[in-house]
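Reminder that position 240 of the sequence shown reads as 305 in this note's numbering, one-by-one numbering, no gaps.
Just so it is clear, CB atoms sit at the ideal spot from N, CA and C, and this is done for glycine as well.
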Amino acid sequence: MKKIILYICPLILLFVVGCKKDYLETVPSNGVTEKEIFSKLTTVYAALDGVVKEQFAYGIGASTGHDNFGQKSFDLQNDLMGNDMVVHSQGYGWFNTDYNLSEWGRATDGRQSDNAWYFYYDVIKQANGIINNIDFVQDASASEKESVKGQALGLRGYAYYYLINYQQQTYKGNESKPGVPIYTEVSTEGKARGTVKDVYDQIIADFTLAETLLTGKTRTSKANIDVTVVQGFRARVALVMEDWATAAAYAKKARTGYPLMVGDEYLAKTAFSSVATPEWMWGSIIPADQATIYASFFSHIDISTGGYAALGGQKKITKALYDQINIDDVRKKAFRTPGTGTTSNPDYNQLKHRVPVAGNWAADYLYMRSSEMYLIEAEALARQSQDAAARTVLEALIKTRFPAYSAAGFSGAALVSEIILQRRIELWGEGFSLMDIKRFGQGLNRATGAGNHGAPSFDPGVYTTSPADPRFLMRVPQRELDNNTNMSPGDQNP
66 MKKIILYICP
76 LILLFVVGCK
86 KDYLETVPSN
96 GVTEKEIFSK
106 LTTVYAALDG
116 VVKEQFAYGI
126 GASTGHDNFG
136 QKSFDLQNDL
146 MGNDMVVHSQ
156 GYGWFNTDYN
166 LSEWGRATDG
176 RQSDNAWYFY
186 YDVIKQANGI
196 INNIDFVQDA
206 SASEKESVKG
216 QALGLRGYAY
226 YYLINYQQQT
236 YKGNESKPGV
246 PIYTEVSTEG
256 KARGTVKDVY
266 DQIIADFTLA
276 ETLLTGKTRT
286 SKANIDVTVV
296 QGFRARVALV
306 MEDWATAAAY
316 AKKARTGYPL
326 MVGDEYLAKT
336 AFSSVATPEW
346 MWGSIIPADQ
356 ATIYASFFSH
366 IDISTGGYAA
376 LGGQKKITKA
386 LYDQINIDDV
396 RKKAFRTPGT
406 GTTSNPDYNQ
416 LKHRVPVAGN
426 WAADYLYMRS
436 SEMYLIEAEA
446 LARQSQDAAA
456 RTVLEALIKT
466 RFPAYSAAGF
476 SGAALVSEII
486 LQRRIELWGE
496 GFSLMDIKRF
506 GQGLNRATGA
516 GNHGAPSFDP
526 GVYTTSPADP
536 RFLMRVPQRE
546 LDNNTNMSPG
556 DQNP
């Protein structure tokens with residue numbers, strides 16, 4: 066009889082190191098039983114904190130490679146597989162197989178599809194334990210139970226959102242295609258792949274209930290999910306589903322209370338590496354003693370760390386996109402001006418994502434900020450032909466970066482295109498490229514020539530694809546197919 070084999074880290078002890086265990090087992094390896102964990106509120110909080118810290122943990126699953134460090138490792142893959150990020154040189158090779166679109170087709174242990182499956186399903190498993198047991202904690206008030214359950218539901222919805230976007234093409238037109246197995250309880254038996262619609266229905270249900278439970282609740286820090294983060298995810302989901310009215314409404318609600326950076330605030334070293342940045346809605350707080358050093362996002366993107374980005378793996382904006390940023394737009398200064406580059410800091414190199422102190426690994430991870438919500442709202446309004454309202458929202462964002470900006474000349478399809486361009490500029494390096502390419506149904510279309518993809522930079526060898534290229538899909542881990550009784554080789558992605 067098959068038994069599903071996945072990985073888990075102890076709920077309370079999970080920190081920044083990986084550990085190997087059966088995903089579906091209910092007793093963590095440190096001997097703390099589920100009954101003990103949910104016997105009092107303090108241990109429940111410790112369990113929830115473990116899930117929160119798992120988002121930046123190193124080595125979850127089978128891989129201890131330096132390209133496996135939680136959510137930001139997948140965000141980086143999404144951008145490298147898109148149109149607008151260039152790898153400077155071969156370097157140490159980390160993430161280069163993502164850049165050339167060969168990585169996600171590998172189902173073997175320790176590859177990125179394997180890492181993602183075990184990472185997100187471990188979050189789901191931990192969240193299920195909390196969701197299904199918090200009501201029985203005797204020393205917790207009704208409000209405390211609601212807050213904990215709401216956060217856990219938000220984490221489960223977040224995990225399913227990323228899994229379905231990695232394991233299948235975009236929502237529209239693919240509703241009946243295979244999605245991912247859906248678990249709402251801690252289980253010892255593997256399940257079959259639900260449809261894409263099934264998974265999205267579960268995501269919406271989780272975020273809907275989470276919003277109700279978290280309304281009026283305060284959170285300990287931005288490392289925890291609150292009602293605005295749930296609303297932000299609800300806006301993201303609606304955008305993918307092309308539910309424009311819901312996307313606009315939820316994006317507007319979500320961004321309330323998170324003021325935009327203005328002018329040179331965008332260029333501060335802490336702008337994209339500290340949860341104290343007012344625009345940030347959600348992120349991981351990572352002090353120096355919890356940083357994963359070379360196996361970290363900033364190692365791979367910031368040359369000032371002395372990590373892989375300084376050893377040939379610099380990440381650059383394409384000349385094609387850089388040239389579309391107005392000279393008076395502060396965001397143009399977030400990249401190395403062409404003609405001023407050096408060996409370690411080449412032309413077009415990114416200067417946006419930097420640690421607060423050069424050479425110090427203490428730097429937070431960004432997952433959601435209010436500027437994204439302005440862009441979602443503007444796009445959703447424009448796609449409903451509410452051009453005037455869309456222009457107002459778009460200008461409210463872009464004028465904080467470029468005061469002379471005006472969207473007055475854009476309407477209809479041209480306005481949608483302008484919003485998408487501003488989205489590419491504003492959210493560069495934050496993990497949206499591939500998901501957007503998939504939902505637009507455009508396929509990959511990388512600019513080539515000097516300053517763009519290809520020689521003399523590292524050559525990805527892939528410049529264009531079909532709109533629904535199978536290389537956009539992660540493979541189901543081979544171990545899952547081998548050990549899940551409800552899945553077979555025929556369930557593998559193409």
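Around the C-beta of P525, 16 or more other C-beta atoms lie within 10 Å, and the residue is accordingly described as buried.
Between N143 and S498, the C-beta gap is smaller than 9 Å, which places the two residues in contact. Apart from the 5 residues on each side of it in sequence, Q507 sits with its Cβ closer than 7 Å to the Cβ of P532 in its chain, given in chain order. Residue state for N133 is assigned as coil, using DSSP reduced to three classes. Where I382 is concerned, the enclosing beta strand (DSSP E) starts and stops at K380 to I382. In the displayed model, Q232 falls within a helix according to three-state DSSP.
In the three-state DSSP reduction, S138 falls in the helix class (H, G or I). In the three-state scheme derived from DSSP, where H, G and I count as helix and E and B as strand, M146 is classed as coil. DSSP places P421 in the coil class of the three-state scheme, outside both helix and strand. Distance from the Cα of L113 is smallest, within the candidate group N425, I485 and A192, for A192. Between K137 and F362 the beta-carbon gap is near 4 Å, inside 8 Å, which marks them as a contact. Each residue's CA atom was taken as its position, placing F523 and I441 some 33 Å apart. K398 and A336 have their alpha carbons spaced roughly 13 Å apart. Between M539 and N551, the C-beta spacing is not below 9 Å. Nearest to S128 by alpha-carbon distance, out of Y248, A111 and P542, is P542.
Between the beta-carbon of H131 and that of Y359 there is about 5 Å, and that keeps the pair under the 8 Å contact cut. Along the stretch 488 to 515, the alpha helix (DSSP H) occurs as fully enclosed runs of 4 or more residues at 498 to 505, listed in sequence order. With 16 or more other Cβ atoms from the protein chains shown falling within 10 Å of its own Cβ, D149 counts as buried.
Secondary structure note for L546: its alpha helix (DSSP H) is the uninterrupted segment Q543 to N548. With respect to A288, S338 sits apart: the two C-beta atoms are not nearer than 9 Å.
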